[in-house]
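Some notes on the structure that comes next.
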Amino acid sequence: MLKNTRLSFILCWISLFYCQVSTSSPPTPVDLFQFAIYWTQTDVPLGTDTEDFTPPDLLCLLSGDCETGPGGIWFIDNSRPTNGDGTLANPFNSFAPVNAPDGTGDADAPGDLLYVLQGNAPYTVRVELEANQQLVGQGVDLVVNNQTLVEGSPEQIPTLNNIGSGTDVVTLANDCQVRGITIDLDGEDGISGVSVVGAVVQDVTITRSGGDPAGIFFMDTPSGTFEIRRVSIAGTGRGIEIRDCEGVFAIQDSMVNEPSDPALQVRGGSANIVVSGETRLQREGPVASFTSHSGDATFGETVEIVGSSLSFSGANGRYLFHSDIQFTGTRAGVSVRSNSTGDIHFDRFKAVQMPGALFPQAMVSVQGGSANLTFDTIDLTQNSGAPLFQIDFDHLGSVTVASSSESIIRSTTGTGMQFDGANGFYRFLCPVDLQGGDSGIDIKGSSGQFTFADVAIDNPSGGNGVDISGSQTAGEIVDVTFENLDIATQGGTGFRVREAGFLNLPETGQCEVSTMGERAIDLSFASGQIFFDSAIGTNSPSAPVSILDFNGFVQILGGDLSTSGENSSGLFASQTSGSVTCLDLSGLTVASGVNANDVSLNQSNGTLAISQESEAELSQENNNATVSTSGVIAFSCGL
4 MLKNTRLSFI LCWISLFYCQ VSTSSPPTPV DLFQFAIYWT QTDVPLGTDT EDFTPPDLLC
64 LLSGDCETGP GGIWFIDNSR PTNGDGTLAN PFNSFAPVNA PDGTGDADAP GDLLYVLQGN
124 APYTVRVELE ANQQLVGQGV DLVVNNQTLV EGSPEQIPTL NNIGSGTDVV TLANDCQVRG
184 ITIDLDGEDG ISGVSVVGAV VQDVTITRSG GDPAGIFFMD TPSGTFEIRR VSIAGTGRGI
244 EIRDCEGVFA IQDSMVNEPS DPALQVRGGS ANIVVSGETR LQREGPVASF TSHSGDATFG
304 ETVEIVGSSL SFSGANGRYL FHSDIQFTGT RAGVSVRSNS TGDIHFDRFK AVQMPGALFP
364 QAMVSVQGGS ANLTFDTIDL TQNSGAPLFQ IDFDHLGSVT VASSSESIIR STTGTGMQFD
424 GANGFYRFLC PVDLQGGDSG IDIKGSSGQF TFADVAIDNP SGGNGVDISG SQTAGEIVDV
484 TFENLDIATQ GGTGFRVREA GFLNLPETGQ CEVSTMGERA IDLSFASGQI FFDSAIGTNS
544 PSAPVSILDF NGFVQILGGD LSTSGENSSG LFASQTSGSV TCLDLSGLTV ASGVNANDVS
604 LNQSNGTLAI SQESEAELSQ ENNNATVSTS GVIAFSCGL
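Throughout the sequence shown, residue numbering follows the numbering used here, covering 4 to 642 in sequence.
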């Protein structure tokens, strides 16, 4: 009670005194409220020191005679007809008094706070902040020492723009803060920080009225923490660009919507990027890109990434996506190129590629480098003419698709899975369903290790079901395992190996090949171990199974081979280069065409053996085999 009585007396006294000594307007209720706050506070960071406020301090604040040192507050309101002294009672009516080039000769100092009132029109200005300054708009409260001096609201947010100025709207110095404003861009960037250490951008809205600017742009930051919170960027050229930076960039509860370039661009440097909270990055195109970057990037579980693709070019860091990634469009997927060496991990990845792309792009494209890609859960649907996976240009890393009941890789009109110069480790442990189009698996010029858990290839309109050819140089091995393979073709060859090095198809699961086209199996100029549970070839114009200069072991446990071609055998094998082939045709039914042998063995130089355990059933209408006498034929596999 005593305190309130004392305060009321002081307020009455100061109001009367102020009216007598000042030519300015009488103090407003807000002025008196501020005095009431400061009269009961100590160590207030206003004025020339941090000692207790006294009545003279209040009088100078109200009359505009205070010398505001470091930690001062300057008020700006462009609705005032005349320029004031920067106090709340008599604010500046433009940024000019606090915005001299390089901070020389203006009223403010490093560490000051510029509070921008709503005004009556947008502020067309380039604000050059000094070290540790805060630029705060009336979109948020002005809080000092845990006391609210001015109540802000989204309805009172001021707008800053650079229309016609050809400059960025806000340029940062070290450890600056920007809060509670709207920025409208025309050509140049919204908020930019070059070679600065630390920044906070919070409760800011950035829009574009023209040009191709970045909403927020950082460049050459040597270190520090950069926080972007509750920021909305819409329709800019680039959303958030981080170029040649170090330090930590934390993006939280923010939105970048439909820029003309990626919503998040990271170029060069080793900055660590952390995207969290209710953040949404959206664009009708590549959403995020990492170029020549060697830091880490982590996207939290609640982050939304909506668009067509992610781009990694010379990306050498660790990139973790814990949220749902859902892409659609004519170029939906992931592109990793320019010798990237980083680790890219997706918890949940879903993409649908639509028809209509002028230049079709693989849904997952990895070109060169040694990047490692991991998909815990994947759902890819290919409806265009591009491959599902395309790994090429001597890639030495890995691609792993984990086993998951929710995962599937499917194609309806594309070109299946293409590996050319894929020399790393590739494991596809989820179902792969390739139908229509030229859908198949091509492994060419590669020397990697491939594992496919469950593959179905049905009716590709062109090409072959599985085509392994030219897969490595001398001494290198391509190791291919199909745990469950089912190929049914209408044209081309079901399973083709040609001019490959050592090929390993271990006997696991079921491997079945059937064709109404050229051949079921074609093995030429290669070596290895190949196991088929079943081979079915019907109405083929040539031999359903052709083995030419294959050095190794071939087992076909069952099936039915027949041909409609005149002078065509059901199975044709020929050795001309000194190679050794062992055939196990247990349970296989073979029938030739007119004027041909069921099994034709054309031996001129080498050894070709049919296992004693082989129980192949040959047609009774033709001879069992025709053998050239210039080679060696053995009926046991002594390899």
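Note that the Cβ used here is the ideal one computed from N, Cα and C, for glycine as well.
Query                                                                                                                                               : Result
Checking the sheet assignment: what are the DSSP bridge partners for Gly540?                                                                        : Thr518, Leu564
Classify Gly201 as buried or exposed, calling it buried when 16 or more other Cβ atoms lie within 10 Å of its own Cβ.                               : buried
Using DSSP's beta-bridge definition, name the partner residues of Asp436.                                                                           : Arg413, Ala459
CB-CB under 7 Å to Ser442, same chain, minus the five flanking residues each way: which ones, in chain order?                                       : Ser414, Gly417, Thr418, Gly419, Ile460, Pro463
Using three-state DSSP, classify Glu569 as helix, strand or coil.                                                                                   : coil
Should Thr380 go down as buried or exposed, given a rule of 16 or more other Cβ atoms within 10 Å for buried?                                       : buried
Here's the rule: buried if 16 or more other CB atoms are within 10 angstroms of the residue's CB, otherwise exposed. What is Gln393?                : buried
Is DSSP giving Pro289 helix, strand or coil here?                                                                                                   : strand
To which residues of the same chain is Gly213 closer than 7 Å at the C-beta, ignoring the five residues directly before and after it?               : Asp189, Gly190
Rounded to whole angstroms, what's the CA-CA distance from Gln615 to Leu560? Just pull it up for me.                                                : Below a pLDDT of 50, predicted positions are generally treated as unreliable, and Gln615, at 40, falls in that range; no measurement from the model is reported.
Please list the terminal residues of the continuous beta strand (DSSP E) segment that includes Gln393.                                              : 392–398
Is the Cβ-Cβ distance between Val602 and Ser572 less than 8 Å?                                                                                      : yes
Does DSSP classify Glu154 as helix, strand or coil?                                                                                                 : coil
Kindly indicate which three-state DSSP category Gln268 falls into: helix, strand or coil?                                                           : strand
If I'm right that Thr162 touches Thr185 with Cβ under 8 Å, what's the distance once you round it to whole angstroms?                                : 4 Å
Is it a yes or a no for the segment 152–160 touching the segment 168–178, going by three-plus beta-carbon pairs under 8 Å?                          : no
Would you kindly work out how many angstroms separate the C-alpha atoms of Cys514 and Phe455, rounded to a whole number?                            : 11 Å
Identify the continuous beta strand (DSSP E) that holds Asn487 and give its terminal residues.                                                      : 487–492
Quick one: is Glu304 buried, meaning 16 or more other Cβ sit within 10 Å of its Cβ, or exposed?                                                     : exposed
Express the C-alpha separation of Glu486 and Asp587 in angstroms, rounding to a whole number.                                                       : 19 Å
Report the residue from Thr384, Asn93, Phe229 whose alpha carbon sits nearest the alpha carbon of Gln329.                                           : Thr384
Which residues in the same chain have their Cβ closer than 7 Å to the Cβ of Ser263, if we skip the five residues on either side of it in sequence?  : Asp215, Gly240
DSSP beta-bridge partners for Gln255?                                                                                                               : Arg232, Ser279
What runs of the beta strand (DSSP E), each 3 residues or longer, lie entirely inside the segment 325–394?                                          : 336–340, 346–356, 367–370, 375–385
What does the Cβ neighbour count give for Gln493, buried or exposed, with the cut at 16 atoms within 10 Å?                                          : exposed
Using alpha carbons as the reference points, say which of Val181, Val143, Gln159, Asp144 lies closest to Ile130.                                    : Correcting the residue type first, residue 130 is Val in the shown sequence and not Ile. Nearest option by C-alpha distance: Val181.
Ignore the nearest five residues each way along the sequence and tell me which others in Ala300's own chain have a CB closer than 6 Å to its CB.    : Ile276, Tyr322
Report buried or exposed for Ala389, applying the criterion of at least 16 other Cβ atoms within 10 angstroms of its Cβ.                            : buried
Taking only three categories from DSSP, how would you classify Gln137?                                                                              : strand
Counting only the same chain and skipping the five closest in sequence on each side, list residues whose C-beta sits under 6 Å from that of Asp489. : Ala459, Glu515
Going by Cα to Cα distance, which pick from His325, Gln370, Ile411 is closest to Leu399?                                                            : Gln370
Measure the alpha-carbon distance for Ile539 versus Ser517 and round it to whole angstroms.                                                         : 4 Å
Any Cβ of chain C within less than 8 Å of the Cβ of Val199?                                                                                         : You won't find chain C in this structure, because it holds only one protein chain.
So, using beta-carbon positions, are Glu261 and Pro225 closer together than 8 Å?                                                                    : no
Roughly how many angstroms separate the alpha carbons of Asp436 and Val469, rounded to a whole number?                                              : 13 Å
Can you tell me whether Pro104 is buried or exposed, with buried defined as 16 or more other CB within 10 angstroms of its CB?                      : exposed
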